[in-house]
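Working notes, structure below.
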Amino acid sequence: KRTRRVCAKLIRALPSLESALEEQLGDDVLETMQWSVTVVDVGVANAHVLPNGEIYVFTGLLDLCGGDEEGESQLACVIGHEISHALLRHGGERLSKSQVLLATQSALSFVIWGLMPDGFFDFLNFRAIFGFEAVQQSILNIVLSLPNTREQESEADYLGLLLASAACYDPKQAPVLWQKMADKAEAAGQATPEFLSTHPDSLKRKDNLLEWQSEANKMRKFCKCDEQSHSQEQSFWTSLLPK
4 KRTRRVCAKL IRALPSLESA LEEQLGDDVL ETMQWSVTVV DVGVANAHVL
54 PNGEIYVFTG LLDLCGGDEE GESQLACVIG HEISHALLRH GGERLSKSQV
104 LLATQSALSF VIWGLMPDGF FDFLNFRAIF GFEAVQQSIL NIVLSLPNTR
154 EQESEADYLG LLLASAACYD PKQAPVLWQK MADKAEAAGQ ATPEFLSTHP
204 DSLKRKDNLL EWQSEANKMR KFCKCDEQSH SQEQSFWTSL LPK
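Everything in the sequence shown is counted per my numbering, starting at 4 for the first residue and increasing by one.
Rendered as structure tokens:
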């Protein structure tokens, strides 16, 4: 129920986010979404949103966030991040860039092989040739592909934070979550150098989210979140009064 409530609030906040940014998100992408929510019983701290709006949340993420109010805000920031990937059409961008990377690798191979002296390949077996191709692909991946992927992750972090804020969640919980992520990775010995990763370093993401708190609070003010909170508080206390 909590996961569905969070997703529903985020989806309802999309028009407010659109109004605040004064732009159409994803070229009418909202009209193509068929929203659904599925909780997957897997101990992985992650979530995913397909381009058509299908939201998948893993129980490992629910455990990491916790069941209190702060944890709900942390969960909203992660799901907001994944929704942002879908809104920004990052999946299509990655497919297009992978085709460019493949074309670049083919052209580079053609040039390198053309520069080799006659008879050079007579000394190489197929394993050596394929090994060279693998090294070349890895270098291109590090230089061209991974930086673009990390840039997409940062874009989704920013828009996801604004979306969670538009849904009146606490944006201060986003950096708290990424500190948890960093601690979890360090404890498991899974820390990867950023230049070899598809995602920015967790602590760098935390620092970015801290820098964006001002924009997030402006979004909350635009959506009148504090007024809503005050109204809900009044309603709660009024309900306790004798009739």
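All residues carry an ideal CB built from backbone N, CA and C; glycine is no exception.
Query                                                                                                                                                  : Result
By Cβ distance, which residues of its chain are closer than 6 Å to A177, with the 5 residues on each side in sequence left out?                        : C80, L164, L212
Output the distance between the C-alpha atoms of E156 and H88, rounded to the nearest integer angstrom.                                                : 8 Å
Among the candidates M36, Y172, L67, whose CA atom is the shortest distance from the CA of Q216?                                                       : Y172
Taking C-beta to C-beta, are S67 and A48 nearer than 8 Å?                                                                                              : The identity of residue 67 in the sequence shown is Leu, whereas the question assumes Ser. The answer is yes: Cβ separation under 8 Å.
Just the Cα atoms here: how many angstroms apart are C168 and T62?                                                                                     : Note that residue 168 is Ser in the sequence shown here, rather than Cys. Roughly 23 Å separates the two Cα atoms.
Can you name, in chain order, every residue of its own chain whose Cβ lies under 8 Å from the Cβ of Q237, other than the five neighbours on each side? : Caution applies to Q237, whose pLDDT of 42 falls short of 50 and renders its modelled position unreliable; the model cannot decide the point.
Of all Cβ atoms in chain C, is any one closer than 8 Å to the Cβ of E57?                                                                               : In the displayed structure, chain C is absent; only one protein chain is listed.
May I have the straight-line CA-CA distance separating E25 from G192, to the nearest angstrom?                                                         : 43 Å
Going by the DSSP bridge assignment, what does S39 pair with across the sheet?                                                                         : E57
Inspect the beta-carbon positions of A170 and A23 and report whether they are closer than 8 Å.                                                         : no
What are the boundary residues of the alpha helix (DSSP H) that includes A170?                                                                         : Neither: A170 is in no alpha helix (DSSP H) and is coded neither H nor E.
If you draw a straight line from the alpha carbon of K183 to that of Q37, how long is it in whole angstroms?                                           : 32 Å
Thinking C-beta only, is R92 closer than 8 Å to D160?                                                                                                  : no
I'd like to confirm the pairing. Which residues does DSSP put opposite A50 in its beta bridges?                                                        : V60
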